[in-house]
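To keep things clear, I will list the structure first and then write my remarks on it.
Residue numbers (our numbering): 296 to 572.
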């Protein structure tokens with residue numbers, strides 16, 4: 296945003312500034328600071344719930360910026376309607392704008408992020424090590440970048456390539472041995488089959504019953520998102536189907552996720568099982 300005044304802070308920082316400004320009788324400065332920006336970004340807004348004075352200040356800040364057509368971006372770990380003790384007047388304002396469900400980055404996105412962050416020592420980090428990091432470090436981008444930085448630092452100091460075994464040792468506190476099962480096609484099939492109460496045989500089989508086809512499509516989508524499997528390999532793993540069938544299933548679920556809040560919840564629930572088990 297060239298020539299725009301952009302302010303980013305967490306809800307905790309906003310709360311602390313409210314408290315400090317009240318204590319020092321400088322609320323006028325506080326209000327001027329936040330009600331004259333072009334873009335205000337507040338992270339973890341769910342933590343405002345239950346903090347009456349902070350909610351009051353944020354309510355009036357929101358209104359002031361909205362009235363002069365400025366942009367407000369807020370993030371939360373849940374939709375506005377699911378934030379407990381949040382006042383209706385704030386909840387309604389949070390729902391005025393676009394609500395986007397941000398999912399954890401999939402395998403391909405994580406790998407692309409690693410490639411973009413390689414820098415000058417890229418030749419010392421082979422592709423299989425990047426894939427290993429992308430496969431194992433799944434929780435958030437900060438942790439992903441931190442893992443790459445650690446491996447790169449080791450490679451730079453020793454001026455040689457790092458192999459997968461060394462990467463695992465360097466990242467042992469992030470991905471301790473045995474704490475997470477590998478994410479692969481079969482594990483996704485098992486988790487999805489269990490979630491939707493269908494058998495693994497049906498998941499891999501030829502039956503076209505609706506209550507089986509849908510979980511199978513969800514599983515194909517997750518395999519594509521969370522593993523490096525190709526479309527032909529995905530089709531083969533699900534009853535020997537061809538790659539066009541796999542592609543159709545994946546695109547169908549991807550499109551439905553844009554509109555179906557319940558499906559987003561279901562897919563996220565399965566993903567969480569993948570990440571923590």
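Beta carbons are placed, not taken as given, at the ideal position from N, Cα and C, and that holds for glycine.
As the structure is a computational prediction, the values presented were derived from the model and not from experiment.
Beta-carbon gap between residue 307 and residue 339 smaller than 9 Å: yes
query: Hey, residue 385 and residue 360 are a contact pair by Cβ (cut 8 Å); roughly how many whole angstroms apart?
result: Not really, about 14 Å apart at Cβ, beyond 8 Å.
field: Per-residue DSSP class, three states only, for residue 383
entry: helix
task: Please determine if the region 547-567 and the region 507-518 are in contact, where contact requires at least 3 C-beta pairs separated by less than 8 Å.
output: yes
- prompt: When DSSP labels each residue in this structure, what does residue 305 get in the three-state scheme?
  reply: strand
field: Sequence-distant residues of the same chain with beta carbon closer than 6 Å to residue 366, five excluded per side
entry: 334
query: residue 426 and residue 406: beta carbons closer than 9 Å?
result: yes
- prompt: What is the rounded straight-line gap between the Cα of residue 430 and the Cα of residue 479?
  reply: 10 Å
Span of the alpha helix (DSSP H), counted from its first residue to its last, around residue 347: 347-362
- request: Give the straight-line distance between the Cα atoms of residue 518 and residue 439, rounded to the nearest whole angstrom.
  value: 20 Å
- prompt: Quick one: Cα of residue 498 to Cα of residue 371, how far?
  reply: 35 Å
field: Every unbroken alpha helix (DSSP H) within the region 413-459, with a cutoff of 4 residues, ordered by chain
entry: 422-431, 436-453
field: Euclidean distance between Cα positions of residue 313 and residue 568
entry: 39 Å
field: Residues near residue 341 by beta carbon distance below 7 Å, same chain, minus five either side
entry: 371, 372, 373, 378
query: Are the beta-carbon atoms of residue 321 and residue 356 separated by less than 9 Å?
result: no
Option in 363, 383, 399 with minimal Cα separation from residue 350: 383
- prompt: Residues in its own chain within less than 6 Å of residue 302 by CB, not counting five upstream and five downstream?
  reply: 332, 335
message: Does residue 433 pass the burial test, meaning 16 or more other C-beta atoms within 10 Å, or should it be called exposed?
response: buried
- request: Identify the continuous alpha helix (DSSP H) that holds residue 332 and give its terminal residues.
  value: Here residue 332 belongs to no alpha helix (DSSP H), and DSSP marks it neither H nor E.
- request: Check residue 338 in the structure and name its three-state DSSP category.
  value: strand
message: Helix, strand or coil for residue 484? Go by DSSP, reduced to three states.
response: helix
- request: Output yes or no for whether 9 Å exceeds the beta carbon distance between residue 566 and residue 496.
  value: no
- prompt: Which partner residues does residue 369 have in the DSSP bridge list?
  reply: 337
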